[in-house]
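Residues 2 to 782 (the working numbering) make up the sequence shown, in order.
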Amino acid sequence: MDQLITGPFQPIISFKFLKLKFEELLTSENPVDQLQAKHLMSILDRNPELVSGIRSVDVFNSYKKEVEQIMSFLFPSALQDNEIKAALFPYSNQYFYLSNRLKNIIKETTSDVNSVLRKLYKDNEDSIDLNPYAIILNQYYGFNVDFDRPKQIKLDDVSGQTRTYRITFNADFINIYPNGNAVEITPEILDELLEHAQDERVWRRYFPDNSWTIEGFGLLSMIDTTLDGKIDEFKTHLIQASANNSNKILEDVRKIFNIDDLEVGNYIVDGDALIRPFGEDMGALTLRKGDSISCQSYACKYVYNQLFEKHLPVVLSNVPNYAKHSQGDVLSEMLLENGFKSAILLPIVFGGKLQFIIEMAAYKINQLNDINKVKLDTIMPFILSHSKRSIAEYENEISAVIQNQCTSIHSAVEWRFVEEAHHFIQDRNNGKSPSFKEITFENVLPLYGQIDIVGSSVARNNAIQEDLNMALTQTKGILQDLLVEKNMPFYEQLIYQIDKKVYELEAYFNNNTEQEIHLFFEKDIYPLFKHLKAAGIKNDGIDDFLKRSVEEKQLFYVARKQYDQTINIINKNLSSFLDKQQIKAQEIFPHYFEKFKTDGIEHNMYVGQSIAEHQDYHESVVYNLRLWQLQVMCKMESLYYTSQENFPVKLDVASLILVYDVPLTIRYRIDEKQFDVDGAYNVRYEMIKKRIDKAVIKGTNERITQPHKLCVVFSTNVIEREYLSYFEFLQSKNYIGDHIEIVEVEELQGASGIKAIRADINPNLMFNDTVFSIEDIEATL
Numbered sequence: 002m003d004q005l006i007t008g009p010f011q012p013i014i015s016f017k018f019l020k021l022k023f024e025e026l027l028t029s030e031n032p033v034d035q036l037q038a039k040h041l042m043s044i045l046d047r048n049p050e051l052v053s054g055i056r057s058v059d060v061f062n063s064y065k066k067e068v069e070q071i072m073s074f075l076f077p078s079a080l081q082d083n084e085i086k087a088a089l090f091p092y093s094n095q096y097f098y099l100s101n102r103l104k105n106i107i108k109e110t111t112s113d114v115n116s117v118l119r120k121l122y123k124d125n126e127d128s129i130d131l132n133p134y135a136i137i138l139n140q141y142y143g144f145n146v147d148f149d150r151p152k153q154i155k156l157d158d159v160s161g162q163t164r165t166y167r168i169t170f171n172a173d174f175i176n177i178y179p180n181g182n183a184v185e186i187t188p189e190i191l192d193e194l195l196e197h198a199q200d201e202r203v204w205r206r207y208f209p210d211n212s213w214t215i216e217g218f219g220l221l222s223m224i225d226t227t228l229d230g231k232i233d234e235f236k237t238h239l240i241q242a243s244a245n246n247s248n249k250i251l252e253d254v255r256k257i258f259n260i261d262d263l264e265v266g267n268y269i270v271d272g273d274a275l276i277r278p279f280g281e282d283m284g285a286l287t288l289r290k291g292d293s294i295s296c297q298s299y300a301c302k303y304v305y306n307q308l309f310e311k312h313l314p315v316v317l318s319n320v321p322n323y324a325k326h327s328q329g330d331v332l333s334e335m336l337l338e339n340g341f342k343s344a345i346l347l348p349i350v351f352g353g354k355l356q357f358i359i360e361m362a363a364y365k366i367n368q369l370n371d372i373n374k375v376k377l378d379t380i381m382p383f384i385l386s387h388s389k390r391s392i393a394e395y396e397n398e399i400s401a402v403i404q405n406q407c408t409s410i411h412s413a414v415e416w417r418f419v420e421e422a423h424h425f426i427q428d429r430n431n432g433k434s435p436s437f438k439e440i441t442f443e444n445v446l447p448l449y450g451q452i453d454i455v456g457s458s459v460a461r462n463n464a465i466q467e468d469l470n471m472a473l474t475q476t477k478g479i480l481q482d483l484l485v486e487k488n489m490p491f492y493e494q495l496i497y498q499i500d501k502k503v504y505e506l507e508a509y510f511n512n513n514t515e516q517e518i519h520l521f522f523e524k525d526i527y528p529l530f531k532h533l534k535a536a537g538i539k540n541d542g543i544d545d546f547l548k549r550s551v552e553e554k555q556l557f558y559v560a561r562k563q564y565d566q567t568i569n570i571i572n573k574n575l576s577s578f579l580d581k582q583q584i585k586a587q588e589i590f591p592h593y594f595e596k597f598k599t600d601g602i603e604h605n606m607y608v609g610q611s612i613a614e615h616q617d618y619h620e621s622v623v624y625n626l627r628l629w630q631l632q633v634m635c636k637m638e639s640l641y642y643t644s645q646e647n648f649p650v651k652l653d654v655a656s657l658i659l660v661y662d663v664p665l666t667i668r669y670r671i672d673e674k675q676f677d678v679d680g681a682y683n684v685r686y687e688m689i690k691k692r693i694d695k696a697v698i699k700g701t702n703e704r705i706t707q708p709h710k711l712c713v714v715f716s717t718n719v720i721e722r723e724y725l726s727y728f729e730f731l732q733s734k735n736y737i738g739d740h741i742e743i744v745e746v747e748e749l750q751g752a753s754g755i756k757a758i759r760a761d762i763n764p765n766l767m768f769n770d771t772v773f774s775i776e777d778i779e780a781t782l
């Protein structure tokens, strides 16, 4: 048997162990098993050499008819065209019987099957075939050595496609036993063998040729795993990040479905709108460029319910037939326009939200159908995982573009920035020079409010005066102590300058006075005190003076520190409260909101249809927001005075609301990173807003903003009536007092005819989560 692979084995072809198996079936309770066993026994009894063993292939081939009869028990006729199976000579790559399906595979392959099988048990071309040794070590000696290898072969068919098969080997009808020249394998020898796994000389030393006999025959089974391999390639390409990945993924999907010209696309589901993907690697198949259509107008009611309501795949195996029954919707029109005759639409959902639709389309009727759609079940988890990762990565990229171009953006208008960022990334990916275009919102109504610290400039100047006075007084005391120890005319001259500056500080303080005093300390006092300290002069006053100036990083920061701490606490508390209340305001209707911290808190609000992406705007929205703003301003001032006793400096605040009922256009200024009103006419609003807090009542010097009063500035009778109804309602809820007054405002530059409503704010408001609405007002009428 020279043509067989032998190695350490001396092969004997035998059906002895098959006979033993069927002898057991003679006593089976199943009459069919008994019948088959008797039939096989009769064949083997008539041909004893097939049981005792044959060492020559030629002799074995002389029993061809009998062998075929015997194999019929292992290769049932009903399974011949399904199973990929072969009977092999003992430990050999040569077969003596094949199933019909395997015969057809061999007939249609261009590969050398024997050559492929010969490499089956090798890791590579130069490695040793360890399989015979594995059989001896594990089956005969009982060593538990892991020799398992993935056993796969690849065969090319006449069409040029490569098919992959997984191999399994059945050794139930084989026995192994040592011959006279066999070497006893001890654990020590096993250690040496495993240490030299690729040294053939070591293996040959302990396993000489023909030292073992292998008797019987083997059964080889093959399973077509071509689809599994294609899916593995698909997974690999999904994981890889490459510019050419979309083409590879498309080819993978084509292989999985065995459709060479299959097309794949996708489109984004943005609320009720369908839009093409911004990266056109896999463009939409059923949307034209520039299209943005609603879900309802895209397809028939059935497809709409399946896809956009139930989030289930839709299969159109016959597109012309679908077009006929749907009476020509956008989906069928686009499919037919592109020549597609069958299609599958696959919804991709994350967190309960439909993100986008994957489209698959083929050029023949029934090429895509409800049967081969099942292939999607296997790859769907990987598609979802890849999609989720891709969406997260793209959202991160969007955020990075917005952050780089616009800094932080309010959530109500973020959708518009995301939209522009999509275009930015698309232009960049297409090799263009991207620019982040200005973003505008038209026909929006503004709401402006502020709670300002009254007399903040005076309080700040008083704090500065107090600190400078303290510094000058302590410095004068140190110099006087130095004069006692040593009479120095220069010290007297410095004391004179200090007295002069104290007088100037108290008589007419201004910014120049502050700068002059600081310059006096930097040029005259600090150098002197540092020199004296370096010269070894012991003076606690000098040490304390220099230490405080280093620690506080400015001259005697005591009163000013208390003032700054008070401003910071006020701003922090009011800002935090306003942020929490804004959550409720956004629930009324999405709107743009921004706040600024100065000596108090200012806020801007803009509301209109152009800002709300998916909601319908109604004029009642602005009425509710105006009423919300009044309530919040009352609560903010009450909150301030409730907490005032804990502040380092006692200050007063005044509240102001500007009502403007002319719609504006706001534009986001890229360079300034903020929204601003757009257009010359709209600038009037900004001028009023900047000047109104300093305005006075006409014919007087009294400012319209006063502590403990809520001031609402307006310019039309319609607004006056609207806010008087609000104030009357707030009186009933104990937000404001009984006294309400309407005053005329002194003309401002660029604005005239302005009025103000003022009312006392209840300083003891009960704080709760209630936000009254227009409906509450109507309920009291």
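Note that CB positions come from ideal geometry on N, CA and C, so glycine has one too.
Less than 8 Å between C-beta atoms, sequence neighbours within five positions excluded: which residues of the same chain meet that for L473?
For this step, residue 473 is matched to residue 472 along the sequence shown. Closer than 8 Å at the Cβ level, and outside the excluded window around L473, lie I499, K502, V503, L506 and I518.
Within 10 angstroms of the Cβ of E264, are there 16 or more other Cβ atoms? Answer buried if so, exposed if not.
Taking the sequence shown and counting its residues from 1, one reaches residue 264 at position 263. By the 10 Å Cβ count, E264 comes out buried.
Can you name the residues that DSSP bridges to R670?
Locating residue 670 in the sequence shown gives position 669, counting from the first residue. Its beta-bridge partners are Q675.
Going straight from the alpha carbon of A244 to that of G284, what length do you get?
Here residue 244 refers to the residue found at position 243 of the sequence shown. Here residue 284 refers to the residue found at position 283 of the sequence shown. Confidence is the limiting factor: at A244 the pLDDT is only 47, short of 50, which leaves the residue's position unreliable, though a coordinate-based value still follows. About 15 Å.
Flag this pair as touching only if the segment 452-463 and the segment 660-667 have three or more C-beta atom pairs under 8 Å; answer yes or no.
no
9 Å Cβ cutoff met for I658 and L448
As a working mapping, residue 658 is identified with position 657 in the sequence shown. As a working mapping, residue 448 is identified with position 447 in the sequence shown. Yes, Cβ-Cβ distance for I658 and L448 is below 9 Å.
Distance CB(F351)-CB(L385) smaller than 9 Å
Residue numbering aside, residue 351 sits at position 350 when the sequence shown is read from its first letter. Residue numbering aside, residue 385 sits at position 384 when the sequence shown is read from its first letter. Yes, the pair counts as a contact, with Cβ atoms nearer than the cut-off.
Cβ neighbours of Q582 in the same chain (closer than 7 Å, five flanking residues each side left out):
Sequence index remark: in the sequence shown, residue 582 carries index 581 (1-based). If we look at Q582 and ignore the five residues flanking it on each side, its Cβ neighbours are V633.
Return the CA-CA distance between K690 and C712, expressed in angstroms with no decimal places.
Taking the first residue of the sequence shown as 1, we reach residue 690 at position 689. Taking the first residue of the sequence shown as 1, we reach residue 712 at position 711. Looking at the two C-alpha atoms, the distance is approximately 13 Å.
From N370 to K236, what distance separates their C-alpha atoms?
Residue numbering aside, residue 370 sits at position 369 when the sequence shown is read from its first letter. Residue numbering aside, residue 236 sits at position 235 when the sequence shown is read from its first letter. Answer to the nearest angstrom: the Cα atoms are 23 Å apart.
Once you ignore the five residues that flank Y98 on each side, which residues in its own chain have a CB closer than 6 Å to its CB?
Residue 98 sits at position 97 when you count from the first residue of the sequence shown. The answer, listed in chain order, is M72 and A88.
Between which two residues does the alpha helix (DSSP H) containing D482 stretch?
Reading the sequence shown from its first residue, position 481 is the one you call residue 482. Here the alpha helix (DSSP H) through D482 covers S457 to E486.
Could I get the ranges of all uninterrupted beta strand (DSSP E) runs contained in the segment 157-203, with 3 residues as the minimum, in chain order?
163-171 and 175-179
Can at least three beta-carbon pairs, one atom from the segment 14-22 and one from the segment 103-110, be found at a separation below 8 Å?
no
Below 8 Å on the Cβ atoms is my contact criterion, and I expect M361 with I345 to pass it. Report the Cβ-Cβ distance as a whole number of Å.
By 1-based counting over the sequence shown, the position of residue 361 is 360. By 1-based counting over the sequence shown, the position of residue 345 is 344. The pair is a contact, with the Cβ atoms about 4 Å apart (cut-off 8 Å).
What would DSSP say about R759, mapped onto helix, strand or coil?
Walking along the sequence shown from the start, residue 759 turns up at place 758. Here R759 sits in strand by DSSP.
Below 7 Å CB to CB, which residues in the same chain sit around D761 once its five sequence neighbours on both sides are set aside?
Taking the first residue of the sequence shown as 1, we reach residue 761 at position 760. Hits under 7 Å: H709, K710, I737, G738 and H740.
For a minimum of 3 consecutive residues, which ranges assigned as the beta strand (DSSP E) are wholly contained in the segment 201-286?
213-217, 219-225, 264-271 and 274-276
Taking only the alpha-carbon atoms, compute the straight-line gap between K548 and P490 and give it to the nearest angstrom.
Stepping through the sequence shown from its first residue, residue 548 is reached at position 547. Stepping through the sequence shown from its first residue, residue 490 is reached at position 489. Each residue's alpha carbon lies about 26 Å from the other.
Under DSSP, the beta strand (DSSP E) around T701 begins and ends at which residues?
The residue given as residue 701 occupies position 700 in the sequence shown. No beta strand (DSSP E) contains T701, which DSSP labels as neither H nor E.
Spatial neighbours of L337 in its chain, beta-carbon cut-off 8 Å, leaving aside the 5 residues before and after:
In the sequence shown, the residue the question calls residue 337 occupies position 336. Hits under 8 Å: V320, P321 and A324.
Does the beta carbon of S15 fall short of 8 Å from some heavy atom of the ligand MG?
The ligand MG is not part of the structure shown, which contains no ligands of any sort.
Assuming C712 is part of the beta strand (DSSP E), what are its boundary residues?
In the sequence shown, residue 712 corresponds to position 711, counting from 1. Run containing C712: K710 to F715, per the beta strand (DSSP E) assignment.
Nearest residue (CA-CA) to Q732, options N647, V650 and C635:
Position 731 of the sequence shown, counted from the start, is the residue given in the question as residue 732. Among N647, V650 and C635, the Cα nearest to that of Q732 is on C635.
Cβ contact (3+ pairs, closer than 8 Å) linking the segment 409-421 and the segment 637-647
no
At the level of alpha carbons, what is the spacing between N735 and W629?
Against the sequence shown, residue 735 aligns to sequence position 734. Against the sequence shown, residue 629 aligns to sequence position 628. Cα to Cα, N735 sits roughly 15 Å from W629.
Could you give the distance in angstroms between the alpha-carbon of Q4 and the alpha-carbon of D82?
As a first step, residue 4 must be located in the sequence shown, where it is residue number 3. As a first step, residue 82 must be located in the sequence shown, where it is residue number 81. For Q4, the predicted model reports a pLDDT of 42, less than 50, meaning its position is unreliable; a value from the coordinates is still stated below. Each residue's Cα considered, the two are about 29 Å apart.
Have a look at I232, P133, N267 and I175 and flag the residue whose alpha-carbon is nearest the alpha-carbon of D204.
Within the sequence shown, residue 204 is the residue found at index 203, counting from 1. A small correction: the amino acid at residue 204 is Trp; Asp does not occupy that position in the sequence shown. Of I232, P133, N267 and I175, the residue nearest in Cα terms is P133.
Helix, strand or coil: which one does DSSP assign to Q356?
One-based indexing of the sequence shown puts residue 356 at position 355. Residue state, collapsed to three classes: strand.
Tell me which residues share the same chain as L624 and place their Cβ nearer than 7 Å to its Cβ, disregarding the 5 neighbours each side in the sequence.
By 1-based counting over the sequence shown, the position of residue 624 is 623. Just to set this straight, residue 624 is Tyr in the shown sequence, not Leu. Excluding residues within five positions, the ones whose Cβ falls inside 7 Å are I775.
I778 (DSSP reduced to helix, strand or coil):
Locating residue 778 in the sequence shown gives position 777, counting from the first residue. Reduced to three states, the DSSP call for I778 is helix.
I'd like the list of long-range same chain contacts for V694, defined as Cβ closer than 7 Å, with 5 residues on each side in sequence excluded.
Stepping through the sequence shown from its first residue, residue 694 is reached at position 693. Contrary to the premise, residue 694 reads as Asp rather than Val in this sequence. The residues are Q451, D453, L657 and T706.
For Y618, which of H592, M606 and Q466 has the nearest alpha-carbon?
Along the sequence shown, one-based indexing puts residue 618 at 617. Out of H592, M606 and Q466, H592 has the C-alpha closest to the C-alpha of Y618.
Inter-residue spacing [alpha-carbon to alpha-carbon] between K342 and I366:
Start at 1 with the first residue of the sequence shown, and residue 342 comes out as number 341. Start at 1 with the first residue of the sequence shown, and residue 366 comes out as number 365. Cα to Cα, K342 sits roughly 5 Å from I366.
Per DSSP, what are the beta-bridge partners of Y542 in this structure?
On the sequence shown, residue 542 is found 541 positions in, with the first residue counted as 1. First, the residue type needs correcting, since residue 542 is Gly and not Tyr in the sequence shown. DSSP lists no partner for G542.
Here's the rule I'm using: 16 or more other beta-carbon atoms within 10 Å means buried, otherwise exposed. How should Y207 be labelled?
Stepping through the sequence shown from its first residue, residue 207 is reached at position 206. Answer is buried; the Cβ neighbour count reaches 16.
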